[in-house]
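Residues in the sequence shown are numbered consecutively from 19, following my numbering.
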Amino acid sequence: MARLTRAAIFEDINAERARQAERWSAPHRWGRGDCSSSEVDETVKASVLAEECGEVSRAVLDADHEALRRELIQVAAVAVAWLETYEWQS
Numbered sequence: 019m020a021r022l023t024r025a026a027i028f029e030d031i032n033a034e035r036a037r038q039a040e041r042w043s044a045p046h047r048w049g050r051g052d053c054s055s056s057e058v059d060e061t062v063k064a065s066v067l068a069e070e071c072g073e074v075s076r077a078v079l080d081a082d083h084e085a086l087r088r089e090l091i092q093v094a095a096v097a098v099a100w101l102e103t104y105e106w107q108s
C-alpha cells in the first residue's frame with residue numbers, strides 16, 4: 019500500500035464535499051443542504067459527524083483499510099463543511 023500525499027487527501031476531501039453538497043441539495047427532514055448550510059441545525063451537524071466517526075470505528079474493528087480511508091475522508095469533509103458555515107474572524 020502506498021501512502022497518500024496531502025494533495026491527494028485534500029483532493030479526495032474536496033470530491034467528497036462536492037458529493038455531499040449534491041446529495042443534500044434538496045430540502046430534507048433536517049433542513050436544506052449539507053453541513054455547510056445555515057439551514058441545518060448544529061445538533062444535526064454534530065450527529066452527522068458522530069455518525070461518520072462511528073463508521074471509522076467500525077472500519078477499524080473490521081480491519082477494513084479501504085473503508086477506513088473512505089470514512090476518514092467523510093469525517094474530514096463533514097468537518098470542513100461545518101467550518102464553512104461560519105464567517106470566522108481572523
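Each residue gets a CB set at the ideal place from its N, CA and C atoms; glycine is no exception.
Exposed or buried, residue i, counting other C-beta atoms within 10 Å across all chains shown (16 or more means buried)?
| i | result |
| --- | --- |
| residue 60 | exposed |
| residue 107 | exposed |
| residue 43 | exposed |
| residue 55 | buried |
So residue i and residue j are supposed to be a Cβ contact under 8 Å. How far apart are they, rounded?
| i | j | result |
| --- | --- | --- |
| residue 74 | residue 89 | 5 Å |
| residue 35 | residue 95 | 5 Å |
Determine the closest residue to residue i out of the options, with distance taken between C-alpha atoms.
| i | options | result |
| --- | --- | --- |
| residue 98 | 37, 42, 84 and 32 | 32 |
| residue 77 | 64, 93 and 65 | 93 |
| residue 37 | 105, 104, 91 and 103 | 91 |
| residue 22 | 87, 41 and 80 | 87 |
Check whether the Cβ atoms of residue i and residue j sit closer than 8 Å, and answer yes or no.
| i | j | result |
| --- | --- | --- |
| residue 71 | residue 100 | no |
| residue 62 | residue 49 | yes |
Quick one: does residue i have its CB under 8 Å from some CB of chain C?
| i | result |
| --- | --- |
| residue 40 | In the structure shown, chain C cannot be found, because there is only a single protein chain. |
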